[in-house]
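Each number in our numbering comes from the position in the sequence shown (counting from 1) with 223 added on. Don't be surprised by glycine CBs; every beta carbon is placed ideally from N, CA and C. All values reported here derive from a predicted model rather than from experimental measurement. One structure is given here, and the rest of the page talks about it.
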Amino acid sequence: MTPGPQNRTPYGPQDGLVAQWWATAVSRVEPGVIELREHPVQNLIGTATFVETIWLLLRGELPRPEQAALLEAALVAGVDHGPQAPSIAAARMAATCGVGLNSAMATGVNMLGDVHGGAGQQCVRLLGEIGERHVHDGEFDRAVAEVVGEWRARSPYLPGFGHRFHPRDPRRDPLLALVDRAVADGVVEGAHLRAARAVETYLNRGREGKKPVPMNIDGATAVIYAELGFEAPLARGLFVLSRSVGILAHAWEETGQGRRNKSPMPPAMVPVHLTAPTPRR
């Protein structure tokens with residue numbers, strides 16, 4: 224007779240210690256049992272969407288349909304940005320090196336760091352600091368100016384605003400429109416949305432005739448993740464989940480191109496040869 228959960232014999236005096244070492248509330252897996260946050264997986268299959276399951280595993284409960292729809296919009300918006308994105312380019316090059324799709328995807332995902340892929344997390348922190356400063360000082364516009372000034376003193380790049388490629392990120396407006404609707408419907412409060420729009424206004428004040436600095440995809444999705452109650456580090460994790468779809472699609476397409484050891488540039492292009500070391504700045 225195969226031991227079941229109720230009559231299983233302990234493996235020894237350390238069995239309880241091992242069980243506690245790997246104790247988790249995310250899932251329960253025993254012979255014949257798979258539960259995700261106490262929901263039997265057979266009850267989720269065919270009834271819960273992938274996005275709802277992401278929410279369930281991260282938050283411990285299923286989202287309301289309106290929450291799931293807003294999260295899904297953010298995930299859809301971030302799936303791909305072409306080979307201009309280093310993570311996509313790296314995955315395509317890796318796919319030509321015979322490493323397999325899993326390693327090609329890992330190559331791309333591992334490119335998503337603080338500079339490429341981390342702006343959403345940073346923007347959630349930025350917006351959160353504005354909210355905290357506003358609560359503490361009571362003056363919203365001053366909180367915006369102070370927090371933005373502190374961030375720009377550390378770096379000229381403000382996460383979530385401006386874009387090196389798009390004059391105006393085409394993903395911004397539809398995402399913010401969905402948040403506006405969610406605020407009107409009482410799905411989210413709107414405090415982070417207000418802070419993000421205030422930062423955008425502040426950055427563009429006095430820039431008549433100059434290139435505008437609109438909110439970008441990282442800012443718009445940061446608003447959604449923050450409004451839905453996700454902690455700042457999860458903004459990066461959720462972006463990685465989203466971008467993994469594009470990484471997979473590009474890596475798979477590249478495997479059908481027949482190229483081997485794809486270089487960052489076409490073979491006809493030769494890198495500039497430096498006769499002396501470039502000084503570090």
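Cβ pair count under 8 angstroms reaching 3, the region 340-349 against the region 458-476: yes
Under three-state DSSP, which class holds T232? For T232, the predicted model reports a pLDDT of 49, less than 50, meaning its position is unreliable; a value from the coordinates is still stated below. Correct three-state label for T232: coil.
Going by DSSP in three states, P372 sits in which element: helix, strand or coil? Per the sequence shown, residue 372 should be read as Gly rather than Pro. Here G372 sits in helix by DSSP.
Minimum length 4: unbroken alpha helix (DSSP H) runs contained in the region 365-438: List check, alpha helix (DSSP H) in window: 395-407 and 414-427.
Given a threshold of 16 other Cβ atoms within 10 Å of its Cβ, counted over all protein chains shown, does W245 qualify as buried or as exposed? exposed
To the nearest angstrom, report how far apart K485 and M316 are at their CA atoms. 5 angstroms
Reference G409, options Q290, A248 and Y380, closest by Cα: Q290
For I470, count neighbouring Cβ atoms within 10 angstroms of its own Cβ and tell me buried if that reaches 16, exposed if not. Result: buried.
Can you give the beta carbon distance from D415 to E450, rounded, assuming they're within the 8 angstroms contact cut? Here residue 415 is His; the residue named in the question, Asp, does not match the sequence. Going by Cβ atoms, the distance from H415 to E450 rounds to 5 angstroms, so yes, they are a contact pair.
Looking at the secondary structure, which residues open and close the beta strand (DSSP E) in which L259 lies? Element bounds for L259: V256 to L259.
Suppose contacts are defined by Cβ-Cβ distances below 8 angstroms. Is I447 in contact with R394 by that definition? no
Would you report the Cα separation of G479 and H389, rounded to the nearest angstrom? 30 angstroms
Between P306, F462, A329 and M334, which has its C-alpha nearest V299's C-alpha? F462
I need the straight-line Cα distance from E373 to E423, nearest angstrom please. 16 angstroms
Work out the CA separation of G239 and T247 for me, nearest whole Å. 14 angstroms
Would you report the Cα separation of S250 and L285, rounded to the nearest angstrom? 14 angstroms
Range covered by the beta strand (DSSP E) that runs through E253: S250 to E253
Could you check if A242 is buried or exposed, using at least 16 other CB atoms within 10 Å of its CB as the buried criterion? exposed
List the endpoints of the continuous alpha helix (DSSP H) containing P502. Counting along the chain, P502 falls outside any alpha helix (DSSP H), and DSSP gives it neither H nor E.
Provide the residue span of the alpha helix (DSSP H) that contains D360, from first to last. A342 to D360
Using 8 angstroms as the Cβ pair cut-off and three pairs as the minimum, do the region 307-315 and the region 323-338 touch? yes
With DSSP collapsed to three states, give me the class of M224. In this prediction, M224 scores a pLDDT of 42, lower than 50, which makes its location untrustworthy; the coordinate-derived value is nonetheless stated afterwards. M224: coil per DSSP, three-state reduction.
Residues of its chain near N230, where Cβ-Cβ distance is below 6 angstroms and the 5 sequence neighbours each way are ignored: Unreliable positioning characterises N230 in this predicted model, as indicated by a pLDDT of 49, which lies under 50. A coordinate reading is not provided.
Local conformation of G442 per DSSP, three classes: helix
Please classify H339: does DSSP put it in a helix, a strand, or coil? Three-state DSSP puts H339 in coil, outside helix and strand.
Under the three-state DSSP convention, the category H262 falls into: Looking at H262 - three-state DSSP - the assignment turns out to be strand.
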